Amino acid sequence: MGTVEHEPFVLFANDKFFGELKKKHGVGMLGRKPLQKMISDKGIKFEDLDRDEAKEVLEKMSVKATASTSDVMKSLALALFTPTSLFYALSKKVVFVEGMMVGEDLIIIHLLAEIPRLFKTTLLYHIFLTVPINESGWKLAVDLYRGLRSESREAPITEEDWENLRPIREKNAESLKVKGFLENSWDIIGKAA
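Given below as structure tokens:
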């Protein structure tokens, strides 16, 4: 049986869920690369990617991908790493937190979105753009996210969170064509074989 390529997908997580994971893994409030610490704690080896390296890796790996996945990867590189990116236009602030390449199998880019609200606390959401390069990368991503989910008593995202993220999700779904903007990828992860 040949390898099965799985498309890139996005996961959203609220700050309560991610904060509990950070605490469990001993990442302080000012921890710079929290997801990398969590992955490292699981014994998974990866290459740290800064913002420019993440863009370069997405562009480079798009050559190896199928045509449809390649187009998505190129769109992600353009949308995430240009000054007038879609994410910046849709939210007051989206920042690159960390990126990593796990072998030749998986790319993960962690972003933090701040959604200001009038007379209310600013909402923080973690966005995990996940690009499995092959079936091994897909399985690794599923196992990683399932493991993180099982470590927290909090739901990664609630119906209210999903609604708060609607403007970002719907606008990016139109242009990026990545799984997880219109359907909750946590549900897909839970059902994956």
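In terms of our numbering, the sequence shown opens at residue -6 and continues consecutively. Using N, Cα and C, we set each Cβ at its ideal position, and we do this for glycine too. The structure presented is a predicted model; accordingly, all values stated were derived computationally and were not measured.
- Residue range 128 to 143 is occupied by the alpha helix (DSSP H) that includes A134.
- Counted as a single uninterrupted DSSP element, the beta strand (DSSP E) harbouring A106 occupies residues 99 to 110.
- DSSP places A166 in the uninterrupted alpha helix (DSSP H) bounded by 159 to 169.
- Look at G92 here: in three-state DSSP terms it is strand.
- For F5, the enclosing beta strand (DSSP E) has its first and last residue at 2 to 7.
- Only residues of its own chain outside the window of five on either side were considered, and among them K26, L28, Q29, H103 have a CB closer than 7 angstroms to the CB of E91, listed in chain order.
- Collapsing the DSSP output to three states places I181 in a helix.
- Nearest neighbour of V3 by Cα position, chosen from I32, Y118, R146, turns out to be Y118.
- Counting the other CB atoms within 10 Å of its CB gives K86 a total below 16, which places it among the exposed residues.
- Counting along the chain, the unbroken beta strand (DSSP E) around D41 starts and ends at 40 to 42.
- Membership of K172 in any alpha helix (DSSP H) is not indicated, and neither H nor E is assigned to it by DSSP.
- Its Cα nearest to that of K9, the residue I150 stands out among F121, L51, I150.
- Less than 7 angstroms divides the Cβ of K172 from the Cβ of E0.
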